[in-house]
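Engineer: I have a structure I would like to understand better, so I am pasting it below and will then ask my questions one at a time.
Protein chains: 2
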Amino acid sequence: MTDRPGRRGDGSRPRTVTNADVAAVAGVSTMTVSRVVNGTGRVSEATRERVRRAIEELDYQPNQLARSLTQGRTRTIGIVVPDITNPFFPEIVRGAEDAAWAAGYTVALANAVEDQARERAALRNLAGHRVDGVIVCSARLPDRELTDLLSAHPASVLINRQVPGGPAVSLMVDDLLGAHLAVGHLLERGRKRLALLGGPDRSASARYRREGFLAAMREAGVSVSDALLTHCEPVEDAGYEAASRWAAQARAGGPGFDGIVAYNDLAALGAVRALREAGLRVPEDVAVVGCDDIRMASAVAPSLTTLRIEKYGLGRLAVETIFALQRGRKPTDKTFAPELIVRESAP
Amino acid sequence: MTDRPGRRGDGSRPRTVTNADVAAVAGVSTMTVSRVVNGTGRVSEATRERVRRAIEELDYQPNQLARSLTQGRTRTIGIVVPDITNPFFPEIVRGAEDAAWAAGYTVALANAVEDQARERAALRNLAGHRVDGVIVCSARLPDRELTDLLSAHPASVLINRQVPGGPAVSLMVDDLLGAHLAVGHLLERGRKRLALLGGPDRSASARYRREGFLAAMREAGVSVSDALLTHCEPVEDAGYEAASRWAAQARAGGPGFDGIVAYNDLAALGAVRALREAGLRVPEDVAVVGCDDIRMASAVAPSLTTLRIEKYGLGRLAVETIFALQRGRKPTDKTFAPELIVRESAP
DNA sequence: TTGTAGGCGTTATCAG
DNA sequence: CTGATAACGCCTACAA
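These protein sequence lines map, in sequence, to chains C and U. Position in the first sequence (first residue = 1) + 1 = the working numbering. Position in the second sequence (first residue = 1) + 1 = the working numbering.
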């Protein structure tokens, strides 16, 4: 085979094959190449075949950048998560990616690392890349800023966050209901001294769940000890530390507890570990309820009673909502009911 | 304020603000805007300020597509993983993203969903987007195809896979050593009848670990029962099923076992659950060794003895290797030694 | 210090 | 059915 455009003898970056290279080899214009690649317009079977061969021979890859530039759309959807190492989010991403893939779209993932500055930068960056829409999971930015950032995007969906008057469609989990389910279950089983292992205050769902917890307790006429209300980061270690403190506190004559409602399954798992180390049995001495139903929840011992959230489905729906938005529809916000899954940690 | 380009009265997609809009408002040429945005060339303080105000007023976001098109680089690195819901990979992604972020780069994630067709499509797609480099984790495609696909990229790094003569730099984990460590530990503690819960055959590391397992057993002069060698998908359920079969087999008079070496921690956790349900105690009756040291490994009961792999560091190094490649260096392949972390499941 | 011309790779539009 | 031509938004190179 002889030299072709794109061939390089030095160690330099390969000149990428273009439209024009293919056109030259096939003996047609670039427009014809474009038509063949995109299946638009009418091209005779003969030339179509010539072009096809040229494409194959040169291993031509259309430049999506140029294509997006002229078409004004990227067929890419951005998705921002607070922390991809939190097992809650990969499931959402997976759902979104499957739906996007089916429609010929690509997903660009940005990890905000639980950091507002990076969340902001991610949103700006995605706007710079002209993604056709963004999905933001558990956004940590304040309403005002989020609204500004989102309005730079042609379509946006928020998961687990609502911004009144903002441009985004919200897909919510009913956290108040979730908290009621958890508290109700524990009280029903005779637990009375409940502790709340709440999430970080910057998380909207953490605030709702706390509110729901307090409301449910109030409605049941059960008092809550301030010493048994805490915030923690949504990670295993933080749950461990908080529960360790409670156990030590109880040993030192502080308020005892026989049930924990945790912000998420990671925190719940940490709490279980702490309790075990403190010599408390789960669920005999303390029952624990998590949230999210991550895969691990059913795999560990004791398996975790938790609130199931349809993570994969949320991801899919978020992408479908972006598509609806593109078609000019304005889907309404939706709220999903979590489902209490009773397992060993709080039977 | 009067009508500006970009203003829309209908409900149509907003015309995005361009270079030229800013130039018009600031009363300069587009070049001056470009210079201010990029901090290149000299611009008088006065005009710089005017341009800045115009940018702010219009909320101008440079179009990265156009920029990439002229500059010939995207400042984006692609990363392909077999399954983002496997907790091994988010840590790598996180490491890669942190390193990329620090250098002003963006990461584009593609999930191959353990599917060769999608891995192929992802690689092609990233090439179409002209990413400056790709990182492929645990590639499942055959050597030949992988080589072709990777050579379409200006720089590429493979994690956990080596392709002789291919264009990519490989970052390897010493799976043979890992298998030896696991087997050695179990034998040392008096376990003799070891089972191998191997990974899928399309995974290179699964093949190495299997090989290492067999070699270590041979070297120790311990025989291996074929009935105690199996493959499974790298997920919890598959580990559960395989171990259940072994337990049933043993009860029915088949070969007994007192140790399991698992392909990864997920499979190991599944095995532990199966053993427990079959009435076998871990570690008293059967010791279990996992691999990866995912976060859960230390959080569950019994905590998992496993081989630690520096996931985050691998991700970081992969990105740094891409950068080195860009600078024209040719870094050599590197191999990392896994570290045996002894915990409760195989003390 | 600032501006003009040209091109990056592709597609829309309009002629032939 | 096919091809010229003009964008898309930005930047490199060269002038002024």
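Just so it is clear, CB atoms sit at the ideal spot from N, CA and C, and this is done for glycine as well. Owing to the predicted nature of the structure, the values given are computational and were not obtained by experimental measurement.
Which class does U/Phe258 belong to by DSSP, given the choice of helix, strand or coil?
Structural biologist: Three-state result, U/Phe258: coil.
Engineer: Quick check on the DSSP output: what are the complete beta strand (DSSP E) runs of length 3 or more inside the stretch 278 to 341 of chain U, in order along the chain?
Structural biologist: Entirely contained in the stretch 278 to 341 of chain U, the beta strand (DSSP E) runs reaching 3 residues are, in chain order, 288 to 290, 307 to 309 and 335 to 337.
Engineer: Mind listing, in chain order, the continuous beta strand (DSSP E) runs of no fewer than 3 residues lying wholly within the stretch 168 to 192 of chain U?
Structural biologist: Counting whole runs of 3 or more residues, the stretch 168 to 192 of chain U contains the beta strand (DSSP E) stretches 170 to 174.
Engineer: Tell me the residue span of the alpha helix (DSSP H) that contains C/Asn39.
Structural biologist: First-last of the alpha helix (DSSP H) with C/Asn39: Thr31 to Asn39.
Engineer: How would you write the range of the beta strand (DSSP E) that U/Gly134 sits in, first residue to last?
Structural biologist: Counting along the chain, the beta strand (DSSP E) containing U/Gly134 begins and ends at Gly134 to Cys138.
Engineer: Any beta carbon from chain U within less than 8 Å of C/Ala101's own beta carbon?
Structural biologist: Closer than 8 Å: no.
Engineer: Return the first residue and the last residue of the alpha helix (DSSP H) that C/Ala153 is part of.
Structural biologist: C/Ala153 -> no alpha helix (DSSP H), and no H or E assigned at all.
Engineer: Should U/Ala205 be counted as a contact of the ligand HEM given a C-beta to heavy atom distance under 7 Å?
Structural biologist: The ligand HEM is not part of this structure, which contains no ligands at all.
Engineer: Is C/Ala55 helix, strand or coil by DSSP?
Structural biologist: Helix, per DSSP.
Engineer: Show which residues of chain C have a CB atom less than 8 Å away from the CB atom of U/Glu1.
Structural biologist: Chain U is shown only over 2 to 348; residue 1 of chain U falls outside these bounds and no answer can be derived.
Engineer: Indicate the three-state DSSP secondary structure (helix, strand or coil) for U/Glu220 in the structure shown.
Structural biologist: Helix.
Engineer: When you compare only the Cα positions, how much space is there between C/Ala156 and C/Val135?
Structural biologist: Answer to the nearest angstrom: the Cα atoms are 6 Å apart.
Engineer: Does the CB of U/Met173 have a neighbour CB from chain C at under 8 Å?
Structural biologist: By this cut-off, U/Met173 is not an interface position.
Engineer: Using a beta-carbon distance below 8 Å, is U/Gly369 in contact with chain C?
Structural biologist: As displayed, chain U neither begins before 2 nor continues past 348, which places residue 369 of chain U out of reach and without an answer.
Engineer: Exposed or buried, C/Asp266, counting other C-beta atoms within 10 Å across all chains shown (16 or more means buried)?
Structural biologist: Counting Cβ neighbours within 10 Å, C/Asp266 comes out buried, since at least 16 surround it.
Engineer: Rounded to whole angstroms, what's the CA-CA distance from C/Gly73 to C/Val38? Just pull it up for me.
Structural biologist: So the two alpha carbons sit approximately 18 Å from each other.
Engineer: What's the C-alpha gap between C/Ala272 and C/Ala196?
Structural biologist: Spanning the two alpha carbons is a distance of roughly 11 Å.
Engineer: Does the stretch 309 to 320 of chain C touch the stretch 95 to 115 of chain C, meaning 3 or more C-beta pairs lie closer than 8 Å?
Structural biologist: At 8 Å Cβ cutoff, the stretches touch.
Engineer: Are there three or more Cβ pairs, one per stretch, closer than 8 Å when the stretch 73 to 86 of chain U is compared with the stretch 124 to 142 of chain U?
Structural biologist: Cβ pair count under 8 Å is three or more, so yes.
Engineer: Is the CB-CB distance between U/Val342 and U/Arg309 below 8 Å?
Structural biologist: A small correction: the amino acid at residue 342 of chain U is Ile; Val does not occupy that position in the sequence shown. Against a cut-off of 8 Å, the Cβ pair of U/Arg309 and U/Ile342 comes out as a contact.
Engineer: Following the continuous alpha helix (DSSP H) through C/Ala24, name the residue where it begins and the one where it ends.
Structural biologist: Element bounds for C/Ala24: Asn20 to Ala27.
Engineer: 8 Å is my cut-off, CB to CB: does U/Gly20 come that close to chain C?
Structural biologist: What sits at residue 20 of chain U in the sequence shown is Asn, not Gly. Closer than 8 Å: no.
Engineer: Would you call C/Arg282 buried or exposed, if buried means 16 or more other Cβ atoms sit within 10 Å of its Cβ?
Structural biologist: C/Arg282 should be labelled exposed.
Engineer: Per DSSP, which residues does U/His80 bridge with? Please list them.
Structural biologist: The sequence shown places Ile at residue 80 of chain U, rather than the His named in the question. U/Ile80 is bridged to U/Leu110 and U/Ile136.
Engineer: To be precise: take each residue of the stretch 85 to 99 of chain U, compare its Cβ to all Cβ atoms of chain C, and keep it if any distance is under 7 Å. Which residues remain?
Structural biologist: If the cut-off is 7 Å between Cβ atoms, the stretch 85 to 99 of chain U has Ile85, Thr86, Pro88, Pro91, Glu92, Val94, Arg95 and Glu98 near chain C.
Engineer: What number of angstroms, rounded off, separates the C-alpha of U/Leu70 from the C-alpha of C/Leu66?
Structural biologist: C-alpha separation (whole angstroms): 6 Å.
Engineer: Among the residues of its own chain, which have a CB less than 8 Å from the CB of C/Glu362, if the five just before and after it don't count?
Structural biologist: Beyond the ends of chain C as shown, which are 2 and 348, falls residue 362 of chain C; an answer cannot be given.
Engineer: In angstroms, rounded to a whole number, what distance separates the CA positions of U/Asp169 and C/Arg277?
Structural biologist: Going by the sequence as given, residue 169 of chain U is Ala instead of Asp. Going by the C-alpha atoms only, they are around 47 Å apart.
Engineer: Just tell me which of C/Ser45, C/Arg119, C/Val108 and C/Arg330 has its CA closest to the CA of U/Ala103.
Structural biologist: Ranking the options by Cα distance to U/Ala103, first place goes to C/Arg119.
Engineer: Against chain C, with Cβ distances strictly below 8 Å, would U/Gln62 count as a contact?
Structural biologist: For U/Gln62, the answer is yes, since a Cβ of chain C falls inside 8 Å of its Cβ.
Engineer: Classify U/Lys312: buried if its beta carbon has 16 or more other beta carbons within 10 angstroms, exposed otherwise.
Structural biologist: Under this definition U/Lys312 is a buried residue.
Engineer: Comparing the C-beta of U/Val301 with each C-beta of chain C, is any distance below 8 Å?
Structural biologist: Yes, because at least one Cβ of chain C sits closer than 8 Å to the Cβ of U/Val301.
Engineer: In the DSSP assignment, find the unbroken alpha helix (DSSP H) run with C/Leu229 in it and report its ends.
Structural biologist: Element bounds for C/Leu229: n/a, residue is neither H nor E.
Engineer: Could one say the Cβ of C/Ser69 lies closer than 8 Å to chain U's Cβ atoms, at least one of them?
Structural biologist: Closer than 8 Å: yes.
Engineer: Can you tell me the Cβ-Cβ gap for U/Gly167 and U/Leu142, rounded? I've got them flagged as a contact below 8 Å.
Structural biologist: Contact doesn't hold; Cβ gap of about 11 Å is too wide.
Engineer: Can you find a CB in chain C that lies within less than 8 Å of the CB of U/Leu110?
Structural biologist: It does; some Cβ of chain C falls within 8 Å.
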